[in-house]
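Each remark here refers to the structure printed beneath this line.
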Amino acid sequence: MTSFSSTPVKAVLGPTNTGKTHLAVERLTAHASGMIGFPLRLLAREVYDRVVAIKGAAEVALVTGEERIMPPGARYLLGTMEALPVDRDVAFVGIDEVQLGADPERGHVFTDRLLRARGREETMILGSATTRGLVRSLVPEAEIVTRPRFSTLSYAGPSKLSRLPKRSAIVAFSAEEVYAIAEMLRRFSGGAAVVMGALSPKTRNAQVAMFEAGEVDYLVATDAIGMGLNLDVQHVAFASLQKFDGRRLRRLTISEMAQIAGRAGRHQQDGSFGTVGLPQGGFTPEEIMAIEGHHFPPLASLFWRNPTPRYDTLDVLLADLAQPPGQPTLRPAPEAVDIAVLKHLAGDMEVRMRGNEPEAVARLWDVCGLPDFEQLGAEHHSRTVLRLWQWRTSGDGMIDPDWFAKRLARLDDTDGDIDQLASRIAAVRTLCFIAQRGDWIAGGAGWTERTQDLESRLSDALHAALAQRFVDRRLALLIRDAGQRHASLPVAVAVDGTVAVDGEPIGTLKGFSFKVDARARASDHRLLLAAAEKHLRSELARRAATLAAGEDNALSLVSEAGTAPRLAWHGHIVATLARGPTLVQPAIQIDASLRRLEPQQVQAISERLQIFVAQQLARHAGPLATMGEAAGDLFTPPRVRALLAALVDGGGTVPRASVEAQLEAMSAEERPQLRKLGLTIGSLDIFHHQLLKPEAVRWRAALLAAQQGESVPALPPQGAVLQKTGSHTGLRIAGFRRCAAGWLRIDMAERLARQAHAARIQAAAIPGKARAGDDDRHDAHHADDGHDATAASPPGFAIDPALATSLGLDEETRRALLQSFGFRTVGDPALQRWRWAGLKHPDKRQRRKHGKGQPHENTPAAKGKAERSHAKQASGRRPKHGQKPGQKHGIPAPANAAPRSPRPDRPQRRGPSPHSPFAGLAALLADVRKD
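For reference, each letter of the sequence shown is one residue, going 854 to 1784 in this note's numbering.
Laid out in structure tokens, this is it:
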């Protein structure tokens, strides 16, 4: 920048929100060329975007320490104060926030620009009114213009964090405090945007965009927002009134307080400021009065440092940098990072040896200008600076590209938390600064592109991490929605049941049951449930109407093992079966998820489910319902009703032994009624074939579980006929009975029983075929033929094991099953010969036992019993081999015993029922006797 003593200089001074920056941009664009220096990279980028929108990207350049956008024909340049080119000849020069000349770290740069930077046609100095006297003293030719604030700034007092008004900015002075406040705001209001000076422009812009778009109502920032960032903030709340300035922890000055508080209220909109709680005792009355009235003590001096030191030797350089200012309003700048690094390196042997080389000294001071973005401290930062200086003063004077590439690759990682990403961005900023210096590294344009790309990707990751941790858009949306009584946000229910309010998922709707999003925090559940209650009423009503008028294929029975029997609609539970008046009339308890519906809707659904259950029972368990009706019919004979009641209680099957008394008591006219109902009166069980089908078994298990108030037992696989293990209750319900070590389905057991009886009948029907118990007849027959007794046919009859084998029965199980049918083995077990012994009932065996209460042999009862026994033996049985007629077990009959005379008054014994499987056997036996 060239000094033009005759060019007009205007100083526009005043508090915040006076339009100073806006005026400077207008004056810049009114000239053919120009540039403005800003205190922050973020602010420079913001104004750069505004000027690009006016003049076009090809006309505007951006120069900061880490970023350089320099179109070849650029006429307008925006950048940080340190990065502005000193020798650029432009028509307009603007110097923003000149009061920062009092900053210990960077003040000397602003003071230098105030003294030396001049535009060819116009120079504009922007800053606080506190610099009025200094500007008049240092730049006497300047025209000083004071601008009033456009809006009123008033003190609002302290407030809790949860009670802050919307569109508030909370200011803190450390990253840890910023994160803590943002986390609390996320819980209270759904989140906050975060703005810090260490953020890259892309991250900062993305965070501010969330706040400006209304996605969040709060912004948490460091004092970076006080440097001209234009935000739609209505209230500024100080979380602290003290900060660490690099040397000590001190209270903010009134000017610093006013600079930050002035961000509230933009243009004609009034703003307010206050505190979160009472940090450090809160604002004093004097501070409040000064901020509201914009009355601040004037600055007494600015920091200065020799901007043009000599590089003859290292000692000369250090001496020039320590040169005191020549004006009383200027004072020496404190030791900044670049001088601290220079002094540290001055003690290095290699640097000291080359301290007399002007070029080496100049390049040393040049690399000392590398900012300490990572805040490592002078000693640690000097190691990087020393290495860069060694490359700059050896060989071709360029930094080793391999070192640069390796360092860049090490930082190329977008994973990690907020602190890790921020640390990588700071390190990348160092590389960006190096890449911008074309005289430092070869191929600077390519390295610049790569470093900026990495910074952009890391910035995106940091923004995402900040948003994920500190912003809950869903919660913020629902909090705002909760206050809208009449307005309703759009609600969408996806195919998979995801419920989204204004695009934000709040949970899933399965049937009529809403579940909060599993990723939501526990503290947010109540709000999400309230949102679902508000927005899902119409959807639930629509589903209720669809269920009540829907088809049966949408409904189903859920009979999972270990759970209560339930009814589902499209796979979603809507009701539970419970104990009802009868087994086939279960009660239907509507699921709790449907209780949010209107009473008439619940009633319609209940009636629809009752119809569905009745239809399914008629389809799959119709015989059970028929048995239940017959058991309750007064016109059904009592003995039949008793048997049917036992069948219904057992779910459609009952062991024959448990109802044998009822069966024996039935007359010939009553038994056909059982067969009309489709019942099978088997050897061991009484059942209905249709009730053994898989779907019928499921419904019977559900009905029994509902009636007993228990969970559904585990049922055997569909189509299984033999099971080795399983739930005994489930196996019995499915129609299995225990046999040896396994369980066989009762209809298969009945098939085996009928096969065995068929084999017995067939053996009796073959002429000359031996029958069990007829050993003497076989002996006589063989004796007549002249054959030896050893060649006689084996006793008993054979039962083909093929059916049992096809069912998977082993020999032990088959033998146990046949014995339960009343068959016994004859002779050598290896021959597999059987005889019929009949079923033995426990009550009959008890009557045959001798014991207490049995009639004495001398009593009339005993004598009558003995006579009947002798008569039966004499008339009906043939003597065994070697036994004379009239003998029993080898005991001679009494001498005076006479054959039992027939009783003409006794009715003829009734034969077996023609429907019985024994009818054919009786007919064959009769034919044999005739022969």
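Where a beta carbon is used, it is the ideal one built from N, C-alpha and C, also for glycine.
task = With a threshold of 16 other CB atoms inside 10 Å of the CB of F1674, please say whether the residue is buried or exposed.
result = The count along the sequence shown starts at 1 and reaches residue 1674 at position 821. So F1674 counts as buried.
message = For A1172, tell me which candidate among T917, I1192, F891, R1184 has the shortest Cα-Cα distance.
response = Here residue 1172 refers to the residue found at position 319 of the sequence shown. Nearest option by C-alpha distance: I1192.
key: Same chain, Cβ closer than 7 Å to D1405, five either side skipped, listed in chain order   = Looking up residue 1405 in the sequence shown gives position 552. The answer, listed in chain order, is F1465, Q1468.
ask   = Between L1537 and the rest of its own chain, which residues show a CB-CB distance below 8 Å, the 5 nearest in sequence each way excluded?
value = Here residue 1537 corresponds to residue number 684 of the sequence shown, with the count starting at 1. Excluding five sequence positions before and after L1537, the CB atoms of its chain that fall closer than 8 Å to its own CB belong to P1508, R1509, A1510, R1590, I1599, A1602, E1603, A1606, S1673, F1674, given in chain order.
ask   = Can you name, in chain order, every residue of its own chain whose Cβ lies under 8 Å from the Cβ of R808, other than the five neighbours on each side?
value = Residue 808 lies beyond the range of the chain shown here (854 to 1784); nothing can be said about it.
message = Since V1346 and E1392 should fall inside the 8 Å C-beta cutoff, what is the C-beta to C-beta distance between them, to a whole number of angstroms?
response = One-based indexing of the sequence shown puts residue 1346 at position 493. One-based indexing of the sequence shown puts residue 1392 at position 539. The Cβ separation is near 6 Å, so the contact holds.
query = Between K1811 and M977, is the Cβ-Cβ spacing less than 8 Å?
reply = For residue 1811 there is no data in the structure shown, the boundaries of the chain being 854 and 1784.
query = Helix, strand or coil for S1247 per DSSP?
reply = Mapped onto the sequence shown, residue 1247 falls at position 394. Here S1247 sits in coil by DSSP.
ask   = Cα separation between R1260 and L1284?
value = Taking the sequence shown and counting its residues from 1, the one referred to as residue 1260 is at position 407. Taking the sequence shown and counting its residues from 1, the one referred to as residue 1284 is at position 431. Computed Cα separation, rounded: 8 Å.
ask   = Smallest Cα separation from E935: which of E974, R894, I922?
value = Here residue 935 corresponds to residue number 82 of the sequence shown, with the count starting at 1. Nearest of E974, R894, I922 to E935, Cα basis: R894.
request  = Tell me whether L915 sits in a helix, a strand or coil according to DSSP, three-state version.
outcome  = Locating residue 915 in the sequence shown gives position 62, where the first residue counts as 1. When DSSP states are grouped into helix, strand and coil, L915 belongs to the strand group.
query = P1185 by DSSP, collapsed to three states: which one?
reply = Residue numbering aside, residue 1185 sits at position 332 when the sequence shown is read from its first letter. Looking at P1185 - three-state DSSP - the assignment turns out to be strand.
request  = Give, in chain order, every unbroken run of the alpha helix (DSSP H) that is at least 4 residues long and sits entirely within the segment 1475-1523.
outcome  = 1475-1485, 1491-1502, 1513-1518
query = What's the gap between the Cα of R1020 and the Cα of G1050?
reply = As a position in the sequence shown, residue 1020 is number 167, starting the count at 1. As a position in the sequence shown, residue 1050 is number 197, starting the count at 1. Whole-angstrom Cα-Cα distance: 20 Å.
query = Roughly how many whole angstroms lie between the Cα atoms of A1719 and L1660?
reply = The residue you call residue 1719 lines up with position 866 of the sequence shown. The residue you call residue 1660 lines up with position 807 of the sequence shown. Residue placement at A1719 is poorly supported in this model, since its pLDDT is 44, which falls under 50; the coordinates are not used for a value here.
ask   = Below 8 Å between beta carbons: does that hold for Y1164 and W1244?
value = Within the sequence shown, residue 1164 is the residue found at index 311, counting from 1. Within the sequence shown, residue 1244 is the residue found at index 391, counting from 1. Cβ distance not < 8 Å, so Y1164 and W1244 don't count as in contact.
message = I'd like to know whether the C-beta atoms of A1022 and L1084 end up nearer to each other than 8 Å.
response = Translated into positions along the sequence shown, residue 1022 becomes position 169. Translated into positions along the sequence shown, residue 1084 becomes position 231. Cβ atoms of A1022 and L1084: closer than 8 Å.
key: Validate contact between the segment 909-919 and the segment 864-879 using beta carbons, cut 8 Å, 3 pairs   = In short, these stretches do not touch, since the Cβ pair count stays below three.
task = Report the rounded CA-to-CA distance for R921 versus L1315, giving the unit in angstroms.
result = For this step, residue 921 is matched to residue 68 along the sequence shown. For this step, residue 1315 is matched to residue 462 along the sequence shown. Going by the C-alpha atoms only, they are around 22 Å apart.
ask   = Whole-angstrom Cβ separation of P1185 and P1177, contact assumed at under 8 Å?
value = By 1-based counting over the sequence shown, the position of residue 1185 is 332. By 1-based counting over the sequence shown, the position of residue 1177 is 324. Going by Cβ atoms, the distance from P1185 to P1177 rounds to 6 Å, so yes, they are a contact pair.
query = Do A1090 and G1127 have their C-beta atoms closer together than 8 Å?
reply = The count along the sequence shown starts at 1 and reaches residue 1090 at position 237. The count along the sequence shown starts at 1 and reaches residue 1127 at position 274. Against a cut-off of 8 Å, the Cβ pair of G1127 and A1090 comes out as a contact.
ask   = For H1610, does the three-state DSSP call read helix, strand or coil?
value = Counting from 1 along the sequence shown, the entry for residue 1610 is found at position 757. Note: H1610 maps to helix in three-state DSSP.
query = What do you reckon, are the CB atoms on L960 and F1097 nearer than 8 Å?
reply = Your numbering for residue 960 matches position 107 in the sequence shown. Your numbering for residue 1097 matches position 244 in the sequence shown. With the sequence shown as reference, residue 960 is identified as Gly, and Leu is not the correct amino acid for it. Going by C-beta atoms, G960 is not nearer than 8 Å to F1097.
query = Closest by CA to A1431, which one among L1447, R1448, S1412, P1011?
reply = As a first step, residue 1431 is located in the sequence shown; it is residue number 578 there, counting from the start. When only C-alpha atoms are compared, the closest one is S1412.
key: Inter-residue CB distance, Q1095 and L1105 (contact presumed, cutoff 8 Å)   = Here residue 1095 corresponds to residue number 242 of the sequence shown, with the count starting at 1. Here residue 1105 corresponds to residue number 252 of the sequence shown, with the count starting at 1. The C-beta distance from Q1095 to L1105 rounds to 7 Å, short enough to meet the 8 Å contact threshold.
ask   = Should G1675 be counted as a contact of the ligand FMN given a C-beta to heavy atom distance under 7 Å?
value = Here there are no bound small molecules, and the ligand FMN is not part of this structure.
ask   = Quick one: what's got a C-beta closer than 7 Å to L1152's C-beta in the same chain, skipping five residues either side?
value = Here the question's residue 1152 lines up with position 299 in the sequence shown. Here the set comprises Q952, A955, T983, T984, L987.
request  = Select from G1504, L1496, T1533, L1530 the residue whose C-alpha is nearest the C-alpha of D1517.
outcome  = Position 664 of the sequence shown, counting from 1, holds the residue named residue 1517. The amino acid occupying residue 1517 in the given sequence is Glu; Asp does not appear at that position. For the residues G1504, L1496, T1533, L1530, the minimum Cα distance to E1517 belongs to L1496.
request  = Would you list, in sequence order, the uninterrupted alpha helix (DSSP H) runs of no fewer than 4 residues that lie entirely inside the segment 895-982?
outcome  = 960-969
First and last residue of the uninterrupted beta strand (DSSP E) at D1538 = Position 685 of the sequence shown, counting from 1, holds the residue named residue 1538. Here the beta strand (DSSP E) through D1538 covers 1538-1541.
query = Considering only the beta carbon of each residue, do V1550 and P1418 sit closer than 8 Å?
reply = For this step, residue 1550 is matched to residue 697 along the sequence shown. For this step, residue 1418 is matched to residue 565 along the sequence shown. Not closer than 8 Å, so no.
ask   = Is L1584 closer than 8 Å to G1504 when the C-beta atoms are compared?
value = To locate residue 1504, count along the sequence shown from 1; it is residue 651. To locate residue 1584, count along the sequence shown from 1; it is residue 731. No, these two residues do not count as a Cβ contact at 8 Å.
request  = With W1293 as the anchor, note down where its beta strand (DSSP E) starts and where it stops.
outcome  = Walking along the sequence shown from the start, residue 1293 turns up at place 440. Boundaries for W1293: no beta strand (DSSP E) harbours it, and the DSSP string shows neither H nor E there.
Buried or exposed by the 16-neighbour rule on C-beta atoms within 10 Å, applied to Q1180 = Position 327 of the sequence shown, counting from 1, holds the residue named residue 1180. That one is exposed.
Secondary structure of K1019, DSSP reduced to three states = Against the sequence shown, residue 1019 aligns to sequence position 166. DSSP places K1019 in coil when its eight states are reduced to three.
query = Do you know offhand how far V1455's Cα is from P1434's?
reply = Residue 1455 sits at position 602 when you count from the first residue of the sequence shown. Residue 1434 sits at position 581 when you count from the first residue of the sequence shown. Distance between the alpha carbons of V1455 and P1434 is about 22 Å.
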